[in-house]
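**Student:**
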Amino acid sequence: MTQPDWLSEVEPTKRRPSSVWRRLLRDRLTVLGLIFLLGLVLMAIFAPMIAGADPIAIDPAIKYRPPGGDFPLGTDNLGRSIWARIVHGARITLSLAGVAMAAILTIGIGVGIIAGVYGGWVDNALMRLVDILLAFPGLILALAIAGMLGPSLGNVLIALVAVGWVNYARVVRGLVLSIKERDYVEAARALGVSQASIAVRHVLPNIISPVVVLASLDMGNLLLSISTLSFLGLGAQAPTPEWGRMLDDARPFIQTQPQLMIFPGLTVFLTVLAFNLVGDGLRDVLDPRQA
Amino acid sequence: MLARSFASNCREGLIATYVLRRLLQLIPVMLTVSVLTFGLIRLAPGDPAQVALRNQGAMLTAEAIAQMRAQMGLNDPLPAQYARWLGRALRFDFGLSVRTGQPVSEAIAGRLLPTAQLAAAGLLIAIAIAFPLGILAAVRQHSWIDHLSRLLALAGASIPSFWLGLLLIYYFAVVLDWFPAMGRGTPQHLALPALTLGLGLAPTFARLLRASLIEVLHEDYIRTAWAKGANESRVIYRHALRNVLLPVVTVFGLTIAHLLGGVVVVETIFAWPGVGQLTVDAILTRDFPTVQAVVLLLSIVFVLANLAVDLCYPLLDPRVRLQAKN
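Protein chains in written order, with this note's numbering: chain A, 30 to 320; chain B, 763 to 1088.
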């Protein structure tokens, strides 16, 4: 697998954040994505107030209600409000994806910088490990790890981090190697600045914007992986209101109650779409070829 | 000189050396992959012997557990266990499925054809959609069809394949009743799974094809072709598209992982009796020998497919210069 060629073009220098924001907000689709994600975050934070019903309590007397009234999206086969379950699902999905991405970035950037800055046998050993992990198809490896650890959201997190950091380590190492050749790093080294200090003060700030672009484009994939693993039965277990889980629960009723699978699926689709829109927008802003 | 021809690459036997070197490099990769695959089941909590007994519905007495441990060779040191497992795996002997008692290799063998059919049909559909769309989007850059292809690519990258599959089942199997929703048997059974797989891949294909075609259209020899007075279709089909082959091969390489992941999801939704469904079933039922075998198999397919893509470069592009020595 080769590194996407736009990545080498992403300018590794710091831009003033205000100018990035201004240019980001010029693109209508990006703004749309940002607004959607902001709404989703608010929805997750204030879930109990917005949901209007308990996402888990079962009441067979009100099953299969059509959308409307107390149940904006209707009720499922157990009489639970689909809207309430989607709203609470935002909490699970967003926090899981956020934690996973934070862990992936920490490990990926850390390993990449260590390999790039220290070089030698450290670099060799770390990159061999990266090569080995890249020899597995990602989703299959995550599936196997999560499956072996046992079905739970925590294990999905472990599996996704175990598979996800690899690409960042590779990209960051490449960036570090090119930054290492720059004059200002040379100068710092000549002044006797320690390796660790060079890594933190000179290298880290210069890899941030390419990594931000990569991470924002990757968030959508991470979300898809979470819901895919849950859909396959490896992530959230019943009665957790997770979106992929809800779709799996809705499968037996596809003939008679298609609305059960329409709304959770639409939610995953729109959320991933919003992340991709913002990711595209960020790439355009941080990619000098587009400027 | 950069432009060394394919002929001279061949004459010097460089291609053969290159292929041989790449094949040799596979050995350490495969070995480490096999170590990881073997170690995978160590992630599982609990004693594999107890899991096996539970799967057989046997009583979990201390005696039975001890006997099962001995039978499974779990008392040997790990390296010895690995060596034995690898030795058998090299002879396609992955032991018996804990779930069905059937030899794992037989179970896998019976699943290969359905998966190959599904993957091939899915790829064909993806290509049939992506080529016209990608070419039109590149030739008519910034036109409505270009914008349409961009929107489709965005949607295609964002739609969960399991939801797309369920939507297709609902409209084409439940509402219209054109195709069966599940299983395998008639050609009609292939339609919806292949469509789910193909629709998922097509938008990415189209965008990458567009990007590489646009790059080629800016090359000097295209300008020369225009200057000679060649008409548009001649420029595109004779000059530009031929040179797009290489990036298309790269694109294919980049989507192999997607294809393998897609097969797993699609087979599960449509109850398609292939390797992907076997993988999910084995993982959910903790059928360790099958999990090990399937993960090893899929990884080997993945590594070989990537190798095939790499090997295509010097064959397709005479500008790729092979080094005589490493």
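C-beta: ideal position from N, C-alpha, C; glycine also.
Rounded to whole angstroms, what is the Cα-Cα separation between M156 (chain A) and L885 (chain B)?
**Tutor:** C-alpha separation (whole angstroms): 32 Å.
**Student:** Use the C-beta contact count for S226 (chain A): other C-beta atoms within 10 angstroms, 16 or more gives buried, fewer gives exposed.
**Tutor:** Exposed.
**Student:** For G97 (chain A), which beta-bridge partners are listed by DSSP?
**Tutor:** A:F100, per the DSSP bridge assignment.
**Student:** Can you say whether T1052 (chain B) is buried or exposed, counting buried as having 16 or more other CB atoms within 10 angstroms of its CB?
**Tutor:** Classification of T1052 (chain B): buried, given that the 10 Å Cβ count is 16 or more.
**Student:** Residues in its own chain within less than 6 Å of V49 (chain A) by CB, not counting five upstream and five downstream?
**Tutor:** Counting only Cβ-Cβ distances below 6 Å, and skipping sequence neighbours, we find V314.
**Student:** If you follow the alpha helix (DSSP H) that T300 (chain A) is part of, which residue opens it and which one closes it?
**Tutor:** That run of the alpha helix (DSSP H) goes Q288 to L315.
**Student:** Exposed or buried, what is A113 (chain A) when buried is set at 16 or more other beta-carbons lying within 10 Å of its beta-carbon?
**Tutor:** Buried.
**Student:** Mind pulling the chain A residues with CB within less than 8 Å of P807 (chain B)?
**Tutor:** Within chain A, the residues near P807 (chain B) are L178 and G179.
**Student:** Among B:P955, B:V937 and B:A973, which has the Cα closest to the Cα of H904 (chain B)?
**Tutor:** Among B:P955, B:V937 and B:A973, the Cα nearest to that of H904 (chain B) is on B:A973.
**Student:** Quick one: grab the DSSP three-state call for L858 (chain B).
**Tutor:** Of the three classes helix, strand and coil, the one that applies to L858 (chain B) here is strand, per DSSP.
**Student:** Just to confirm the assignment: which complete alpha helix (DSSP H) runs, minimum length 4, are found wholly within the region 961-1025 of chain B?
**Tutor:** As far as the region 961-1025 of chain B is concerned, its whole alpha helix (DSSP H) runs of at least 4 residues are 982-989.
**Student:** Excluding the five sequence neighbours on either side, which residues of its own chain have a C-beta within less than 8 Å of the C-beta of L1060 (chain B), listed in chain order?
**Tutor:** The residues are L1022, V1037 and T1041.
**Student:** Residues of chain A with CB under 7 Å from L1007 (chain B), in chain order?
**Tutor:** Those within 7 Å of L1007 (chain B) in chain A number zero; the least Cβ separation is about 17 Å.
**Student:** Using only alpha-carbon positions, find the residue among B:S859, B:L793, B:Q864 and B:L1016 that is nearest to I1045 (chain B).
**Tutor:** The residue with the shortest Cα to Cα distance from I1045 (chain B) is B:S859.
**Student:** For T1017 (chain B), which of B:A1002, B:A881, B:Q833 and B:A987 has the nearest alpha-carbon?
**Tutor:** When each option's Cα is compared against that of T1017 (chain B), the closest is B:A881.
**Student:** Can you name the residues of chain B whose CB is closer than 8 Å to the CB of F260 (chain A)?
**Tutor:** Result: P922, F924 and V1027.
**Student:** Restricting to Cα atoms, I'd like to know which of B:L963, B:W940, B:G857 and B:F1050 is closest to A915 (chain B).
**Tutor:** Answer by Cα proximity: B:L963.
**Student:** Determine the chain B residues that contact M290 (chain A) at a beta-carbon separation under 7 Å, and present them in chain order.
**Tutor:** Correct list: L928.
**Student:** How is S110 (chain A) classed by DSSP in three states: helix, strand or coil?
**Tutor:** S110 (chain A) falls in the strand class under three-state DSSP.
**Student:** Cα-Cα, which of A:T59, A:G221, A:L251 and A:E215 is closest to I187 (chain A)?
**Tutor:** For I187 (chain A), the nearest C-alpha among the options comes from A:L251.
**Student:** Please decide whether I115 (chain A) counts as near chain B, where near means a Cβ-Cβ distance under 9 Å.
**Tutor:** Chain B contact via Cβ: absent.
**Student:** Would you call G294 (chain A) buried or exposed, if buried means 16 or more other Cβ atoms sit within 10 Å of its Cβ?
**Tutor:** Looking at its Cβ environment, which holds 16 or more other Cβ atoms inside 10 Å, G294 (chain A) is buried.
**Student:** Under 9 Å, do A279 (chain A) and L928 (chain B) count as touching if we go by C-beta distance?
**Tutor:** Yes, these two residues count as a Cβ contact at 9 Å.
**Student:** Taking 9 Å as the cut-off, decide whether the C-beta atoms of A73 (chain A) and L123 (chain A) are in contact.
**Tutor:** Yes, they are a contact pair.
**Student:** For Q879 (chain B) and A1033 (chain B), what's the separation of their Cα atoms in angstroms?
**Tutor:** So the alpha carbons of these two residues sit roughly 14 Å apart.
**Student:** Does the region 237-250 of chain A come within contact of the region 304-311 of chain A, defined as at least 3 CB pairs closer than 8 Å?
**Tutor:** In short, these stretches touch, since the Cβ pair count reaches three.
**Student:** Name, in chain order, the residues that DSSP records as bridge partners for P865 (chain B).
**Tutor:** P865 (chain B) pairs with B:L858.
**Student:** Just mark P270 (chain A) as buried or exposed, buried being the case when its beta carbon has 16 or more other beta carbons within 10 Å.
**Tutor:** So P270 (chain A) counts as buried.
**Student:** What would DSSP say about E825 (chain B), mapped onto helix, strand or coil?
**Tutor:** Three-state DSSP puts E825 (chain B) in a helix.
**Student:** Please determine, among B:V781, B:A1019, B:P807 and B:L1073, the residue with the shortest C-alpha to C-alpha distance to I169 (chain A).
**Tutor:** Comparing Cα positions, the closest option is B:A1019.
**Student:** On the three-state DSSP scale, how would you describe Q903 (chain B)?
**Tutor:** Note: Q903 (chain B) maps to coil in three-state DSSP.
**Student:** Whose CA, out of B:G857, B:R873, B:L1077 and B:S796, lies closest to the CA of Y844 (chain B)?
**Tutor:** That would be B:S796, whose Cα lies nearest to the Cα of Y844 (chain B).
**Student:** Is it buried or exposed, L289 (chain A), if we count other Cβ atoms within 10 angstroms and call 16 or more buried?
**Tutor:** L289 (chain A) is buried by the Cβ-count criterion.
**Student:** Tell me, please, whether the CB atom of V190 (chain A) is closer than 9 Å to any CB atom in chain B?
**Tutor:** It does not; no Cβ of chain B falls within 9 Å.
**Student:** Can you give the Cα-Cα distance for Q829 (chain B) and A154 (chain A), rounded to whole angstroms?
**Tutor:** Those two C-alpha atoms are separated by around 40 Å.
**Student:** Does chain A have any CB closer than 9 Å to the CB of G1023 (chain B)?
**Tutor:** Yes, G1023 (chain B) lies at the interface with chain A (some Cβ there is under 9 Å from its Cβ).
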